[in-house]
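A.B. asks: Here the sequence shown stands for residues 96 to 809, numbered as in our numbering.
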Amino acid sequence: MWKRRAAALLFGGAVVVALVSLRAADPYAVRVARETTFDVFQQLQPRQAPVDLPVRIVDIDEASLIALGQWPWSRQIMARIADRLTELGAAAVAFDILFAEPDRLSPSAIVAGGADYDAQFAQALAGRPTILVMSRAGQGTAPPAPKSGYAMTGTDSLPSLPVLDGVAAPLPALAEAAAGLGVASLDREGAGVARRLPLLWSSGTAPLPTLSVETLRVALGVSTLVVLGDTAGAGTVEGLRIGQFDVPTGPSGDMWLYYRELAPETYVSAQRLLSADYTELAPLLSGHIVLIGASAAGLLDIRASPLGGAVPGVSIHLQALEQMLTGTFLHRADWVGGLELLLIAASAVAVVLALLLTGPLLGLLVSGVVAAAVLAGSWLAFARYGLLIDPGFALFAVLVAYAAMAFFQFAVTDADKRRIRRAFAHYVEPSLLAQIEADDGLLKLGGDVRELTVMFSDVRNFTALSERTAPAELVGILNRLFAALGAAIVAHLGTIDKFMGDAVMAFWNAPVDVPQHARRACEAALAMREALHRLNGQQASVEPIAIGIGISTGPALVGNMGFEARFDYSCIGDTVNVASRLEGACRHVGYDILVTAETRAAVPELAFLDAGCVVLKGISHPEPIHLLVGPASLAASEVFVALQLDHDALVAAWARGDAAPEAFAQCRAAAALIDPRLGDFYDASHNRREDFVLAASASLDTSHQVNPANTSTR
């Protein structure tokens, strides 16, 4: 048992180590699952805005394209947007639109001396709190210098920032005119769900702010950004200070985005701003940070949101600005990864131990409690503190640990069952065992009276054999003997009841019906005789072993005998007692296989010889017995038919009290041609002729009992 427990513990430990190693490796699929879990958290509890925040979007929507024409619009329209927003009192105006090429709609691009819309737009930007964007481009130019100054605390964190190796930048005149210049790219990959926003990028020589950071800086009138590097010398970023606002970041300067559902008034259609009644928008725009971007599907600035929908890219910068203004952040510090590894290990170990100590049902309950605790703790950390702790892999670890341990226990149990089945198959033929397994009612506690054929087999002179043989050698002899005899019984659909010292008890027709059970028992006895002959031939150094077999057919009580905690499947009754006594009578009769008259009557086709009557201990009446000489093929042979005729004549003579020496000599000679053992039978029968007289008397008494009228008709 302790070896099995140790094996299970080692297996469980291997599962735990494998799970922790997989999480530590953090492959792509694990990262996707983790971030999807955080998306679900946001969907369950989006960010709440306590007040109407001073951030708006001027939206280039489908209605604006219909009213003002297809995109791109001329820079003259962009200048008008900047002018009107400044007129309405916007705190900052940020264009989430890239102006990397000259305006092709400008008259100066068509005729010399025509109006220059780019110059008009630059004039509208100059001297105002305006911000333009640049974007990552693999084949772009080197990033321009940042508009703001930077101060760094702690160690130099520039190498940890994502690199802008090439950008698409606005026209130099426009970039010079704007008060701020930010990076519009939302993430390093540039695709997928926007979950994190890099607040800082590296140009190789200086950090460059993202659009939301640069917009807040310009709106606050701050000239310098403070990058908070770590103090442990790792060269990572811990946060960013923009005026009075402190923004925590990840090691590479990125911020987890915490989304909310934006109210409709957050968006102001561009066509309304450009209409004649634009002044009515003053309450919505005065003192607000205004981002200009596109939600029209054809302009391809649509991104996936963790809340489950598609949103304009400009709205993601707005979400980041709102987080900075309200101080509502999601945190995932470096130590969280270590905590998750401990959580995974503890959860898996708890499940492994639960299954080892309690079993699968209570183990399932413990697994459910562990999973619920992990999920509740992760949710509480998110809902109250904005801490992102992944419960997904820990739940996966609970599931895998439970499934692995349950499978291990099932495999061990199944192996035990197969071992038990193989062991039981030594007692019951496999087809019978399959029927027993299919119907467990066959083995209910209690018994039924049914017709059985019962066999007892015993080793002759076992006491003398045990005295002359060393114990270890004797055990080996018995094991080989029982293996040979048991195989013959099972092969003929018998059920081995028990091995008792040097004896074997078996029966047929239980626990399931066995057609022709008397014949199968007789054939099993003949097969046992042959198996013993082969075994004696293989054990030349050991004196030959002889057995006696008694077979009886009749009613018996068969079933599970005992009590609920411990019982044996066995049979009891006169039929069992007769079989046992017949086996003992083999010495007296001088033959190895004796059967009752009922057994012979059930199998008339086999070779039997009448052996008279014997008085059996514990049996109230003399029992007619018969020798089982051989199979049906022998019974049909001429030599046996002749012997049977001579034998019947001899038995009749003995019943009359005639010694019949000539008949005896003829039978003795014929028997030698068939089975040498019959010689021993005839020698013993010559001294027990009274058993044949008793058999004739018993037959006459039975006849009178069956038909009492015989007495009166004579």
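Idealized CB from N, CA, C, for every residue including glycine. A quick note: this is a predicted structure, and the numbers were derived from the prediction, not measured.
Starting from R291 and walking both ways along the alpha helix (DSSP H), at which residues does that stretch end?
C.D. replies: Segment 291-293 is the beta strand (DSSP E) holding R291; no alpha helix (DSSP H) there.
A.B. asks: Skipping 5 residues on each side, what residues in its chain have a beta carbon closer than 8 Å to that of A727?
C.D. replies: Only E700, L701, A702 meet the Cβ criterion.
A.B. asks: Determine whether the beta carbon atoms of Y353 and G481 lie at a separation below 9 Å.
C.D. replies: Against a cut-off of 9 Å, the Cβ pair of G481 and Y353 comes out as a contact.
A.B. asks: Between L451 and A103, is the Cβ-Cβ spacing less than 9 Å?
C.D. replies: It is a contact, given that the beta carbons lie within the stated cut-off.
A.B. asks: According to DSSP, simplified to helix, strand and coil, what is I337?
C.D. replies: Looking at I337 - three-state DSSP - the assignment turns out to be strand.
A.B. asks: If distances are taken between C-alpha atoms only, which option among D705, V710, G107, F602 comes closest to G668?
C.D. replies: The shortest C-alpha separation from G668 is found at F602.
A.B. asks: With DSSP as the reference, label Y497 as helix, strand or coil.
C.D. replies: The answer is helix: DSSP assigns Y497 an H, G or I state.
A.B. asks: Since L677 and T691 should fall inside the 8 Å C-beta cutoff, what is the C-beta to C-beta distance between them, to a whole number of angstroms?
C.D. replies: So it is a contact: roughly 7 Å between Cβ atoms.
A.B. asks: On the criterion of 16 or more Cβ atoms from any shown chain inside 10 Å, does T648 qualify as buried, or is it exposed?
C.D. replies: Per the 10 Å Cβ criterion, buried.
A.B. asks: Do M350 and L294 come within 9 Å of each other at the CB atom, strictly closer than that value?
C.D. replies: It is a contact, given that the beta carbons lie within the stated cut-off.
A.B. asks: Between which two residues does the alpha helix (DSSP H) harbouring I584 extend?
C.D. replies: Run containing I584: 566-586, per the alpha helix (DSSP H) assignment.
A.B. asks: Of all the options H383, A616, E417, R126, which has the alpha carbon lying nearest to the alpha carbon of V288?
C.D. replies: Comparing Cα positions, the closest option is R126.
A.B. asks: Can you give me the Cβ contacts of I172 inside the same chain, cut-off strictly under 8 Å, excluding the 5 residues immediately before and after it?
C.D. replies: Counting only Cβ-Cβ distances below 8 Å, and skipping sequence neighbours, we find L163, L369.
A.B. asks: Report all residues from its chain with a CB closer than 8 Å to the CB of A765; omit the five preceding and five following residues, and keep chain order.
C.D. replies: Answer for A765: V734, A737, L738, D741, listed in chain order.
A.B. asks: Let me make sure I understand the geometry here. Which of R170, A187, L457 has the alpha-carbon closest to that of P197?
C.D. replies: The shortest C-alpha separation from P197 is found at R170.
A.B. asks: Do the CB positions of S347 and L256 come within less than 9 Å of each other?
C.D. replies: A contact, by the Cβ cut-off of 9 Å.
A.B. asks: Going by alpha carbons, who is nearest to E712 out of G472, A264, H683, V673?
C.D. replies: Sequence check: residue 712 is Lys here, not Glu. Out of G472, A264, H683, V673, V673 has the C-alpha closest to the C-alpha of K712.
A.B. asks: Alpha carbon to alpha carbon, how far is Q140 from A816? Give it in angstroms, no decimals.
C.D. replies: Beyond the ends of the chain as shown, which are 96 and 809, falls residue 816; an answer cannot be given.
A.B. asks: Within the same chain, show all residues whose beta-carbon is closer than 7 Å to that of A185, passing over the 5 residues directly before and after it, in chain order.
C.D. replies: Excluding residues within five positions, the ones whose Cβ falls inside 7 Å are L380, H383, V385.
A.B. asks: How about M623 and I644: are their beta carbons less than 9 Å apart?
C.D. replies: In this structure, I644 lies closer than 9 Å to M623 by Cβ.
A.B. asks: Among T248, G235, S252, A264, which one has its Cα closest to the Cα of P44?
C.D. replies: Past the edges of the chain, shown from 96 to 809, lies residue 44, and the structure says nothing about it.
A.B. asks: Beta strand (DSSP E) containing I720: first to last residue?
C.D. replies: Here the beta strand (DSSP E) through I720 covers 718-725.
A.B. asks: How should A286 be labelled, buried or exposed, when 16 other C-beta atoms within 10 angstroms of its C-beta is the threshold for buried?
C.D. replies: In this prediction, A286 has a pLDDT of 48, which is less than 50 and means its spatial position is unreliable; what the coordinates show is noted afterwards. Burial call: exposed.
A.B. asks: Can you tell me whether G403 is buried or exposed, with buried defined as 16 or more other CB within 10 angstroms of its CB?
C.D. replies: Under this definition G403 is an exposed residue.
A.B. asks: With DSSP as the reference, label W166 as helix, strand or coil.
C.D. replies: DSSP places W166 in coil when its eight states are reduced to three.
A.B. asks: Give me whichever residues DSSP pairs with D663 in a beta bridge.
C.D. replies: M656, per the DSSP bridge assignment.
A.B. asks: Rounded to whole angstroms, what is the Cα-Cα separation between L413 and A365?
C.D. replies: Whole-angstrom Cα-Cα distance: 17 Å.
A.B. asks: Less than 9 Å between the beta carbons of A810 and V110, yes or no?
C.D. replies: Examination of residue 810 is not possible in this model, given that the chain is present from 96 through 809 alone.
A.B. asks: In the DSSP assignment, find the unbroken alpha helix (DSSP H) run with F194 in it and report its ends.
C.D. replies: No alpha helix (DSSP H) holds F194; DSSP gives it neither H nor E.
A.B. asks: Going by other Cβ atoms of all chains shown within 10 Å of its Cβ, with 16 needed for buried, is H716 buried or exposed?
C.D. replies: When all chains shown are included, H716 counts as exposed.
A.B. asks: One question on the structure: do L311 and V278 come within less than 9 Å of each other, judged by their Cβ atoms?
C.D. replies: Not in contact: L311 and V278 (Cβ atoms no closer than 9 Å).
A.B. asks: Taking the straight line between their C-alpha atoms, what separation do you get for L475 and A144?
C.D. replies: Their backbone Cα atoms lie some 20 Å apart in a straight line.
A.B. asks: By DSSP, does F424 sit in helix, in strand, or in coil?
C.D. replies: If DSSP states are grouped into helix, strand and coil, F424 belongs with coil.
A.B. asks: Assuming L689 and A680 are in contact, meaning their beta carbons sit under 8 Å apart, how far apart are those beta carbons, in whole angstroms?
C.D. replies: Confirmed, Cβ separation roughly 6 Å.
A.B. asks: According to DSSP, simplified to helix, strand and coil, what is D509?
C.D. replies: D509 falls in the helix class under three-state DSSP.
A.B. asks: Taking DSSP as the reference, what is the three-state secondary structure of K712?
C.D. replies: Reduced to three states, the DSSP call for K712 is coil.
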